[in-house]
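The next block holds one structure in the form of structure tokens; read it before the comments.
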Amino acid sequence: MADEMNGAQLITGERLVTWLESSMEKLLLIDSRPFVEYNMSHILEAINIHCSKLMKRRLQQDKVLITELIQHSAKQKVEIDGKQEVVVYDQTSADLATVPSDSFLSLLLRKLEKSFNSVHLLAGGFSEFSNCFPGLCEGKSILVPSCISQPCLPVSNTGPTRILPHLYLGCQRDVLNKELMQQNEIGYVLNASNTCPKPDFIPESHFLRVPVNDSFCEKIFPWLDKSVDFIEKAKASNGCVLVHCLAGISRSATIAIAYIMKRMDMSLDEAYRFVKEKRPTISPNFNFLGQLLDFEKKIKNQGGAGGLVSKFKLLHLENGSNHGAGGGSLRASSQLWASSTSEKVEPKAPEPGKPPAPTLPPSAEGGSLVQGRTELNVPSEKVEDSNRLKRSFSLDIKSVSCAASNPCLTASGPGYP
């Protein structure tokens with residue numbers, strides 16, 4: 001097989017990720033699997049070309065051109081000039097030598113070589129790529145073990161997602177759309193990738209790159225505090241920041257969750273549900289989830305308010321669309337939380353002839369907090385919304401911590417050190 005296709009070359013998953021992030025318009029990605037498998041899950045922006053026996057015969061006899069087949073299969077018009085980098089993948093092919101010469105994949109590669117200067121076969125196929133880079137796959141259901149407990153939803157170009165009044169979560173396509181950025185008044189960009197380009201209209205002082213790949217061995221933890229500080233910088237200047245990676249699913253979602261954890265005093269479980277409620281397509285890989293667990297421990301060790309205060313912050317942020325509204329209520333709730341945990345009521349001496357009054361257990365002392373909530377005029381439906389959010393998604397995050405603690409033991413294939 002390799003002798004028949006001198007022009008085709010092997011490409012690793014890591015190399016393909018670099019191309020996906022830097023030159024989507026120059027890349028033609030072809031999925032040669034059956035449509036059912038493609039529809040279930042495929043690499044972002046891939047075109048499905050899998051012919052029937054009749055179409056295969058017509059292609060062999062040159063009664064139909066490969067460029068016509070590409071245009072027919074693409075969801076939108078593809079400008080074909082022969083200069084694109086073409087990457088083809090099936091389910092599991094490890095190299096060119098393992099591709100049977102009478103297979104459709106072999107025929108497809110040969111026809112592509114005649115029309116394009118650079119043709120590549122993805123090493124390990126979709127199976128290996130989806131295991132290593134689940135955030136770069138889309139479809140009706142992502143059936144790979146590295147995703148979080150819920151399957152990914154189809155990725156659609158619906159624009160950036162507003163997580164907080166000053167924080168948006170999106171993809172590369174969003175950040176390169178100047179009109180869309182201006183509509184949302186976004187002036188700061190946090191780019192969680194190695195190669196996604198920086199928009200020309202964003203000044204260097206308003207830009208931060210977190211150079212990480214979406215893989216099982218990448219370290220994002222060292223960048224989380226710097227990312228939080230950058231988002232706070234945008235907030236302090238009354239600006240909005242877009243946190244993005246290639247697809248807005250794994251890397252950028254990890255940073256958004258870390259920010260919510262640290263600035264809103266939420267646990268990882270709560271912060272994940274909060275962001276997931278806003279952008280259902282997020283799915284940080286297990287490696288990043290494990291590092292978020294470490295970040296949660298770090299926040300706890302540093303101390304800080306939690307519990308009721310964070311819930312009031314959540315209600316405050318959900319109510320207010322501008323940055324300065326409602327500050328008094330937050331201060332009041334903070335004072336209420338502090339006083340309720342520090343002040344002690346001295347018991348009165350019992351009257352002669354009467355038994356002493358029973359003392360309340362520690363848990364009952366929280367009643368003053370409920371009274372305080374009423375005094376703050378927090379609408380009951382907002383409190384119910386907070387409770388509903390907490391019940392809406394049950395994430396047993398601890399169950400994946402063991403797998404995340406040593407992810408490189410399970411990773412295999414190209415792209416790992």
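Every letter in the sequence shown is one number past the one before it in UniProt numbering, and letter 285, counting from 1, is 285. C-beta atoms are modelled at their ideal positions from N, C-alpha and C, and glycine is treated no differently.
Notebook entry, point to check: Whose C-alpha, out of Ile66, Ala74, Phe129, Lys83, is nearest the C-alpha of Leu105?
Noted result: When Ile66, Ala74, Phe129, Lys83 are compared, the shortest CA-CA separation from Leu105 is found for Ile66.
Next item on the list: With distances taken Cα to Cα, identify the nearest neighbour of Gln60 among Leu108, Glu68, Ser283.
Entry: If we check each option's Cα against that of Gln60, Leu108 comes out closest.
Checklist line | Neighbourhood of Gly239 by C-beta, 6 Å cutoff - its chain only, sequence neighbours within 5 removed | finding: Cβ within range, chain order: Gly187, Tyr188.
Note to self: For Gln291 and Phe221, I'd like the C-alpha separation in whole angstroms.
What the structure shows: When rounded, the distance between both Cα atoms is 6 Å.
Check: Since Gly170 sits in a beta bridge, which residues does DSSP pair it with?
Finding: In the DSSP output, where bridge partners are listed per residue, Gly170 has His244.
Notebook entry, point to check: If you scan the UniProt domain "Rhodanese" (23–138) from start to end, which runs of the alpha helix (DSSP H) of 4 or more residues do you find wholly inside it?
Noted result: As far as the UniProt domain "Rhodanese" (23–138) is concerned, its whole alpha helix (DSSP H) runs of at least 4 residues are 35–40, 53–60, 66–73, 104–115, 125–132.
Next item on the list: Out of Ile70, Lys114, Arg57, Glu85, point me to the one whose CA is closest to Asp102's CA.
Entry: Shortest Cα-Cα distance from Asp102 to any of Ile70, Lys114, Arg57, Glu85 involves Arg57.
Notebook entry, point to check: Just reading off the alpha helix (DSSP H) that Arg251 is part of, what are its end residues?
Noted result: Segment 251–263, the alpha helix (DSSP H) holding Arg251.
Item checked: Helix, strand or coil at Val189 according to DSSP, with G and I counted as helix -> In this structure, DSSP gives Val189 an extended state, which the three-state scheme calls strand.
Next item on the list: Taking Arg209 as part of the beta strand (DSSP E), name the residues at either end of that continuous run.
Entry: Where Arg209 is concerned, the enclosing beta strand (DSSP E) stretches over 207–209.
Note to self: Going by DSSP, what residue range makes up the beta strand (DSSP E) through Arg273?
What the structure shows: Per DSSP, Arg273 is not a residue of any beta strand (DSSP E); the alpha helix (DSSP H) it occupies stretches across 268–278.
Check: For Leu164, which residues does DSSP report across the bridge?
Finding: Looking at the DSSP output, Leu164 shares a beta bridge with Leu167.
Checklist line | Start and end residues, beta strand (DSSP E) containing residue 423 | finding: Only positions 1 to 417 of the chain appear in the structure, and residue 423 is not among them; the question remains open.
Next item on the list: With DSSP as the reference, label Thr195 as helix, strand or coil.
Entry: Three-state DSSP puts Thr195 in coil, outside helix and strand.
Next item on the list: Would you decide whether His120 is buried or exposed? Buried here means 16 or more other CB atoms lie within 10 Å of its CB.
Entry: Counting Cβ neighbours within 10 Å, His120 comes out buried, since at least 16 surround it.
Next item on the list: Consult DSSP for Gly415 and reduce its assignment to one of helix, strand or coil.
Entry: At Gly415 the pLDDT is 38, less than 50, meaning the model places this residue with poor confidence and gives no usable figure here.
Check: Which value, in whole angstroms, describes the spacing of the CA atoms of Asp174 and Gln183?
Finding: Those two C-alpha atoms are separated by around 12 Å.
Item checked: Chain-order list of residues whose beta-carbon lies under 7 Å from that of Thr254 (same chain, five-residue window excluded) -> Result list for Thr254: Ile220, Pro284, Phe288, Leu292, in chain order.
Checklist line | N- and C-terminal bounds of the alpha helix (DSSP H) containing Val228 | finding: Val228 -> alpha helix (DSSP H) spans 224–236.
Next item on the list: Return no unless some Cβ of chain D is closer than 8 Å to the Cβ of Asn213.
Entry: Considering every chain present, this structure includes no chain D. It has just one protein chain.
Next item on the list: Take Lys233 as the anchor and find which of Leu208, Leu246, Gly248 has the nearest alpha-carbon.
Entry: It is Leu208.
Notebook entry, point to check: So, is Ser205 buried or exposed, given that buried needs 16 or more other C-beta atoms within 10 angstroms?
Noted result: Taking every protein chain shown into account, the CB of Ser205 has fewer than 16 other CB atoms within 10 angstroms, so this residue is exposed.
Notebook entry, point to check: Under a three-way DSSP split, which group does Gly290 fall into?
Noted result: If DSSP states are grouped into helix, strand and coil, Gly290 belongs with the helices.
Checklist line | Candidates Leu28, Gly7, Leu190: closest to Glu203 by CA position | finding: Before going on, a small fix: residue 203 reads as Pro here, not Glu. It is Leu190 whose Cα lies nearest to the Cα of Pro203.
Note to self: Give me the residue from Glu37, Ser252, Ala256, Leu96 with the minimum Cα distance to Glu138.
What the structure shows: Sorting Glu37, Ser252, Ala256, Leu96 by C-alpha distance to the C-alpha of Glu138 places Glu37 at the top.
Notebook entry, point to check: Going along the chain, which residues of its own chain have a beta-carbon closer than 6 Å to the beta-carbon of Phe129, five neighbours each way excluded?
Noted result: So the qualifying residues of the chain are Gly13.
Checklist line | As assigned by DSSP and simplified to three states, the class of Pro219 | finding: Looking at the sequence shown, residue 219 is not Pro but Lys. The DSSP-derived three-state label of Lys219 is coil.
Next item on the list: Classify Ile202 as helix, strand or coil using the three-state DSSP reduction.
Entry: Of the three classes helix, strand and coil, the one that applies to Ile202 here is coil, per DSSP.
Check: Taking the C-alpha atoms as reference points, what is the distance between Glu179 and Glu185?
Finding: In a straight line, the C-alpha of Glu179 is about 10 Å away from that of Glu185.
Check: If you check the beta carbons only, do Ser252 and His244 fall under 8 Å apart?
Finding: Taking 8 Å as the Cβ cut-off, Ser252 and His244 qualify as a contacting pair.
Note to self: So, under 8 Å CB-CB, Gln84 and Leu28 are touching, yes? Tell me the CB distance rounded to an integer number of Å.
What the structure shows: That belief holds up - the Cβ atoms of Gln84 and Leu28 are roughly 4 Å apart, short of 8 Å.
Check: Assuming Ile43 and Ile70 make a contact with CB atoms under 8 Å, what is their CB distance in whole Å?
Finding: Not really, about 16 Å apart at Cβ, beyond 8 Å.
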